[in-house]
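Taking it in order: structure first as structure tokens, then the write-up.
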Amino acid sequence: MTDFMAIWGQWLRPSAGLPTVQWSLLLAAAAVVGHLVQRHLALPKVVGYSAVGALAGLAGFSGAAWPLQGIALFLLELGVSVVLFQT
Numbered sequence: 395m396t397d398f399m400a401i402w403g404q405w406l407r408p409s410a411g412l413p414t415v416q417w418s419l420l421l422a423a424a425a426v427v428g429h430l431v432q433r434h435l436a437l438p439k440v441v442g443y444s445a446v447g448a449l450a451g452l453a454g455f456s457g458a459a460w461p462l463q464g465i466a467l468f469l470l471e472l473g474v475s476v477v478l479f480q481t
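Under my numbering, think of the first position of the sequence shown as 395, with each following residue one higher.
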């Protein structure tokens with residue numbers, strides 16, 4: 395995984411920044427997996443989002459300071475509450 399990250403970092407050096415691109419790809423993957431889980435398994439999208447998040451964590455995806463504080467913590471809690479109550 396570290397080899398992939400090194401190549402990825404060299405390829406995207408001056409553009410939007412590696413963490414921005416990685417987070418964007420991770421969010422896109424979570425959206426796709428959430429949709430597929432809902433459509434094919436008849437489970438809530440949150441299950442797909444959680445699966446992508448768990449796999450990203452196990453793969454060593456990092457970039458966010460933890461524990462979150464201030465506005466980042468508020469936005470995380472707001473996002474989770476919106477996702478949990480979507481239909």
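Backbone N, C-alpha and C define an ideal beta-carbon position, used for all residues, glycine too.
Please read these numbers as outputs of a predicted model, since none were measured by experiment.
Tell whether a beta-carbon distance below 8 Å holds between residue i and residue j.
i: Leu470; j: Leu462; result: yes
i: Val427; j: Ala445; result: yes
i: Gly442; j: Ala424; result: yes
i: Leu388; j: Phe468; result: It is not possible to answer for residue 388, since the shown part of the chain is limited to 395 through 481.
Measure the C-alpha to C-alpha separation of residue i and residue j and round it to an integer number of angstroms.
i: Trp460; j: Arg433; result: 33 Å
i: Asp397; j: Val474; result: 32 Å
i: Lys439; j: Ser418; result: 18 Å
If you reduce the DSSP assignment to three classes, tell me which class residue i lands in.
i: Ala436; result: coil
i: Leu462; result: coil
i: Ala450; result: helix
i: Phe479; result: coil
i: Phe468; result: helix
i: Ser456; result: coil
Please list, in chain order, all residues of the same chain as residue i whose beta carbon is under 6 Å from its beta carbon, the five residues on each side excluded.
i: Leu437; result: Val431
i: Gly451; result: none
Under 8 Å between C-beta atoms, does residue i make it to chain D?
i: Leu437; result: Here there is only one protein chain, and chain D is not present.
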